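Heads up, the thing below is written out as structure tokens.
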Amino acid sequence: MNNISLAQFDIDTHTAIHKELNRQETGLEMIPSENFVSPAVLEALGSVLTNKYAEGYPGKRYYGGCEHVDTIEQLAIDRAKQLFGAEHVNVQPLSGAPANIAAYFAVLKPGDTVLGMDLSHGGHLTHGHPVTHMTQVFHFERYKTDANGQIDLENLRKMAHEHKPKLILVGYSAYSREIAYSKIQDIANEVGAMTMADIAHIAGLIAGGEMNNPVPIFDIVTTTTHKTLRGPRGGMIMCKKEFAKQIDRAVFPGLQGGPHENNIAAKAVAFKEALEPEFKQYAKQIKANTKILEEAFQAKKYDLCFGGTDNHLLLIDVTSKSLTGKDAEEALDKASITVNKNMIPDDTRSPFNPSGIRLGTPALTTRGMKEKEMGIIADLIDRAITHHTEEATLKEIKEDVMALTKNFPLYTDQTKNV
Ligand SMILES: *Cc1c(COP(=O)(O)O)cnc(C)c1O
Numbered sequence: 382m383n384n385i386s387l388a389q390f391d392i393d394t395h396t397a398i399h400k401e402l403n404r405q406e407t408g409l410e411m412i413p414s415e416n417f418v419s420p421a422v423l424e425a426l427g428s429v430l431t432n433k434y435a436e437g438y439p440g441k442r443y444y445g446g447c448e449h450v451d452t453i454e455q456l457a458i459d460r461a462k463q464l465f466g467a468e469h470v471n472v473q474p475l476s477g478a479p480a481n482i483a484a485y486f487a488v489l490k491p492g493d494t495v496l497g498m499d500l501s502h503g504g505h506l507t508h509g510h511p512v513t514h515m516t517q518v519f520h521f522e523r524y525k526t527d528a529n530g531q532i533d534l535e536n537l538r539k540m541a542h543e544h545k546p547k548l549i550l551v552g553y554s555a556y557s558r559e560i561a562y563s564k565i566q567d568i569a570n571e572v573g574a575m576t577m578a579d580i581a582h583i584a585g586l587i588a589g590g591e592m593n594n595p596v597p598i599f600d601i602v603t604t605t606t607h608k609t610l611r612g613p614r615g616g617m618i619m620c621k622k623e624f625a626k627q628i629d630r631a632v633f634p635g636l637q638g639g640p641h642e643n644n645i646a647a648k649a650v651a652f653k654e655a656l657e658p659e660f661k662q663y664a665k666q667i668k669a670n671t672k673i674l675e676e677a678f679q680a681k682k683y684d685l686c687f688g689g690t691d692n693h694l695l696l697i698d699v700t701s702k703s704l705t706g707k708d709a710e711e712a713l714d715k716a717s718i719t720v721n722k723n724m725i726p727d728d729t730r731s732p733f734n735p736s737g738i739r740l741g742t743p744a745l746t747t748r749g750m751k752e753k754e755m756g757i758i759a760d761l762i763d764r765a766i767t768h769h770t771e772e773a774t775l776k777e778i779k780e781d782v783m784a785l786t787k788n789f790p791l792y793t794d795q796t797k798n799v
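Take any residue in the sequence shown, note its place counting from 1, add 381, and you have its number in the numbering used here.
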């Protein structure tokens, strides 16, 4: 076996990884779906577990030599149960999208109707966007938010009675408000629908006790593990006991082959971290930091979609500042502030050049940034948007960003050498 280091063996890949590390360390990462994992999570992810095939589930595998991966997968399952109060957990989904696909196939038949949120109001591609394969199999109907930015429950009820969905779907990628799970469960009960919450974005805030938890209420809850939950890139499905067999079969053999046990080990580590008291503090700080940004942008007369935020993100309509979401994303990128352009509710512009930007605080909060830094960052963002055509100003802001991030080191030198 070739036992030499990456730097010695493949300088091209090594160099690109280190350039990416440098980009992460010197910029302000404000894409709300991104985060920085701990060195312990990285270590598990880069472990020899990647060598092992383990099709099946703990205690029931199709391969020999699974005694240690069984221990690891069971740890991940038990910790997730504890974290969310789940009756059953499957930690094998490779990411959020396959977790959703498996969940659909577990409980739906081709042609069944799913009632999910309109994409421009914050829903996710996997909730029935025409470009996804799922729309060829299932029928998606869409509800929306109202003028106050709340989910329009009366309209949702009306649509549920009209379309008789098999599944009512909540949980979003660009929605900044709390969700009333019991009220939606009541509507589902009226029409005999199952309920599914996709908490991909807010799982960490739920685990930290800062947002409503749908797990004790809904039939099925899917999530990613790499957003606010701050684990490795991956997915997970939680459900009521009665759906356990269907869910497990839908993940394997229904959709996937061998589970990625290195990734599952990293999930187990991240869940242990999320069970620590510090994680509650982290979740609280994410929300506090986002509130500061909300207040600062309101004071600067920005249009905040949904009227503000109850979670880790803001969706901002920038068109009143005489630019598009794409212009804003590009200007901020030049200043080393990373956000993403995003559709706003009922956007009249195209997804490639929409009216809004979406930004959030989970990654910056992991770095230790607090209220004071959020005030500074809101000023930097406003300056970049106001002067988005002035290259010299954007360069000045980039220098301010570098000075700020220097005070919040991300990884120790030891981690960097791994
Ligand atoms: C991010 C996200 C997903 C997809 O997760 P991937 O890991 O990118 O496949 C699914 N649903 C929602 C609501 C998300 O925000």
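In this text, a Cβ means the ideal position worked out from N, Cα and C, and glycines have one as well. Please read these numbers as outputs of a predicted model, since none were measured by experiment.
Range covered by the alpha helix (DSSP H) that runs through residue i
i           : result
residue 756 : 752-767
residue 721 : Per DSSP, residue 721 belongs to no alpha helix (DSSP H); it is in the beta strand (DSSP E), 721-723.
residue 416 : No alpha helix (DSSP H) contains residue 416, which DSSP labels as neither H nor E.
residue 538 : 534-544
residue 781 : 772-787
residue 670 : 658-680
residue 594 : That residue, residue 594, is in no alpha helix (DSSP H); it is neither H nor E in DSSP.
residue 460 : 448-465
residue 394 : 392-407
residue 506 : Element bounds for residue 506: n/a, residue is neither H nor E.
residue 608 : Counting along the chain, residue 608 falls outside any alpha helix (DSSP H), and DSSP gives it neither H nor E.
residue 744 : 743-747
residue 558 : Segment: none, residue 558 is in no alpha helix (DSSP H) and carries neither H nor E.
residue 445 : Looking at the DSSP string, residue 445 is not in any alpha helix (DSSP H), and its letter there is neither H nor E.
residue 385 : Looking at the DSSP string, residue 385 is not in any alpha helix (DSSP H), and its letter there is neither H nor E.
residue 486 : 477-488
residue 706 : 706-715
residue 627 : 625-632
residue 587 : 584-588
Closest by C-alpha distance to residue i, when choosing among the options
i           : options               : result
residue 787 : 760, 766 and 750      : 750
residue 771 : 720, 737, 793 and 708 : 708
residue 734 : 722, 761, 740 and 623 : 722
residue 449 : 791, 459 and 435      : 435
residue 802 : 590, 712 and 437      : There is simply no residue 802 to check, as the chain begins at 382 and stops at 799 in what is shown.
residue 758 : 724, 705 and 676      : 676
residue 346 : 385, 700 and 486      : Since the first and last residues shown for the chain are 382 and 799, residue 346 lies out of range.
residue 848 : 484, 535 and 705      : Given a span of 382 to 799 for the chain in the structure shown, any question on residue 848 remains unanswerable.
residue 665 : 791, 383, 752 and 638 : 752
residue 784 : 383, 453 and 409      : 409
residue 661 : 464, 706 and 695      : 464
residue 509 : 503, 522 and 502      : 522
residue 613 : 791, 421, 761 and 394 : 421
residue 414 : 583, 705, 426 and 710 : 583
residue 639 : 439, 501, 506 and 593 : 439
residue 519 : 530, 528, 527 and 507 : 507
residue 641 : 454, 388 and 389      : 454
residue 696 : 512, 756 and 504      : 504
residue 790 : 390, 683, 419 and 384 : 419
Residue range of the beta strand (DSSP E) that includes residue i
i           : result
residue 520 : 520-524
residue 578 : 575-579
residue 618 : 616-620
residue 734 : No beta strand (DSSP E) holds residue 734; DSSP gives it neither H nor E.
residue 498 : 494-498
residue 472 : Segment: none, residue 472 is in no beta strand (DSSP E) and carries neither H nor E.
residue 602 : 601-605
residue 551 : 548-551
residue 691 : No beta strand (DSSP E) holds residue 691; DSSP gives it neither H nor E.
Cβ separation of residue i and residue j, assumed to be a contact under 8 Å, to the nearest whole Å
i           : j           : result
residue 585 : residue 655 : 7 Å
residue 557 : residue 692 : 6 Å
residue 417 : residue 739 : That belief does not hold up - the Cβ atoms of residue 417 and residue 739 are roughly 19 Å apart, past 8 Å.
residue 357 : residue 397 : The structure shown has nothing for residue 357, since the chain only spans 382 to 799.
residue 499 : residue 525 : 5 Å
residue 673 : residue 698 : Going by Cβ atoms, the distance from residue 673 to residue 698 rounds to 20 Å, so no, they are not a contact pair.
residue 560 : residue 532 : 7 Å
residue 412 : residue 720 : 6 Å
residue 574 : residue 541 : 7 Å
residue 712 : residue 766 : 7 Å
residue 667 : residue 609 : 7 Å
residue 469 : residue 619 : 7 Å
Minimum Cβ-Cβ distance from residue i to chain B less than 8 Å
i           : result
residue 655 : No chain B appears in the structure shown, which is made up of a single protein chain.
Residue i beta carbon near ligand 3 (any heavy atom closer than 7 Å)
i           : result
residue 481 : Among the ligands in the structure shown, ligand 3 does not appear; only ligand 1 can be found there.
### Query
Using 8 Å as the Cβ pair cut-off and three pairs as the minimum, do the region 725-745 and the region 397-413 touch?
yes
### Task
Could you tell me whether the region 472-487 touches the region 626-636, where touching means 3 or more Cβ pairs closer than 8 Å?
yes
### Contact the region 774-794 vs the region 713-727: 3+ CB pairs below 8 Å
yes
### Task
Would you check if there are 3 or more beta carbon pairs closer than 8 Å linking the region 485-498 to the region 640-654?
no
### Query
Three or more beta-carbon pairs under 8 Å between the region 590-606 and the region 550-567, yes or no?
yes
### Task
Could you tell me whether the region 549-564 touches the region 572-581, where touching means 3 or more Cβ pairs closer than 8 Å?
yes
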